[in-house]
Amino acid sequence: MPQSTLLYSPPVSLPRLHAHLGAEVVVRRARVGDVPRLYEIINYYAVRGDMLPKTMDQLYNRVRSINVASADGEVVGCAGLHITWADLSEVVSVAVHPDFQGTGLGRRLVEPLFDEARQLGIPTLFTLTLQMGFFSRLGFREVPKLHLPHKIWQDCKTCFKQDRCDEIAMVREV
Ligand SMILES: CC(C)(COP(=O)(O)OP(=O)(O)OC[C@H]1O[C@@H](n2cnc3c(N)ncnc32)[C@H](O)[C@@H]1OP(=O)(O)O)[C@@H](O)C(=O)NCCC(=O)NCCS
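Going letter by letter, the sequence shown gives residues 7 to 180 in my numbering.
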């Protein structure tokens, strides 16, 4: 069993999917009613060590900065923008339901964040990820973690990985 599962194990299983692959998918801003579903999707991957977990509290606090993909009215993916500082924002909580992966949905969720950052006047995005291939295709490049400002390590205080962090830092100018 991965150590992350031992240290943090939210009571979630992958939400059953009712939407089918041919359904019309729209990308929109998250609503508070989406939060329980976001909690399930994100933490389904988090217990596997693929991404950082989120609490319901964090999701309600950040709901205004999260975009969701909705298929036949059912949330099947998400991505968020977390402002770090005047010149830097983090792409967070990128997840697509396994049945919808490989259909371009991850790209559709992340690309609008570039415009959002631009409109906010933020020149650079970063992400901490194990999905280098995906983020490379979206124009991110790997950088040494220590090139990012100290401020980004705020979340590490509460992260189960802490000093054993295996995530790769990647940045993209917008
Ligand atoms: C990573 C994830 C969001 C990608 O979503 P997706 O909808 O499958 O990705 P897309 O279909 O939009 O792929 C976009 C591009 O990235 C490429 N890509 C996607 N996953 C890839 C991978 N693992 N390795 C290499 N390239 C990949 C695709 O080929 C595609 O390339 P193209 O548009 O140039 O043809 C999805 O696999 C996922 O939810 N994974 C589990 C959670 C996770 O690890 N999230 C990342 C947290 S940082």
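C-beta atoms are modelled at their ideal positions from N, C-alpha and C, and glycine is treated no differently.
Item, Value
"With 8 Å as the threshold, decide whether the Cβ of residue 62 is near any Cβ in chain C.", "Of the protein chains in this structure there is only one, and it is not chain C."
"Just to confirm before moving on: does the CB-CB distance between residue 83 and residue 106 stay below 8 Å?", "yes"
"Return helix, strand or coil for residue 12, following the three-state DSSP convention.", "Summary for residue 12: the model assigns pLDDT 49, below 50, so the residue's position carries little reliability, and this model does not support an answer."
"Who does residue 94 pair with in a DSSP beta bridge?", "91, 130"
"Consult DSSP for residue 124 and reduce its assignment to one of helix, strand or coil.", "helix"
"If I measure Cβ to Cβ from residue 56 and keep anything under 7 Å in the same chain, skipping five residues before and after, which residues do I get?", "136"
"CA-CA distance, residue 103 and residue 132?", "23 Å"
"With 16 as the cutoff for other CB atoms within 10 Å, does residue 92 come out buried or exposed?", "exposed"
"For residue 40, count neighbouring Cβ atoms within 10 angstroms of its own Cβ and tell me buried if that reaches 16, exposed if not.", "buried"
"Give me, in chain order, the residues of the same chain whose beta-carbon lies closer than 7 Å to that of residue 154; leave out the 5 immediate sequence neighbours on both sides.", "132, 175"
"When you compare only the Cα positions, how much space is there between residue 171 and residue 180?", "26 Å"
"Helix, strand or coil: how does DSSP classify residue 188 here?", "Outside the modelled stretch of the chain, which goes from 7 to 180, sits residue 188, for which no answer is possible."
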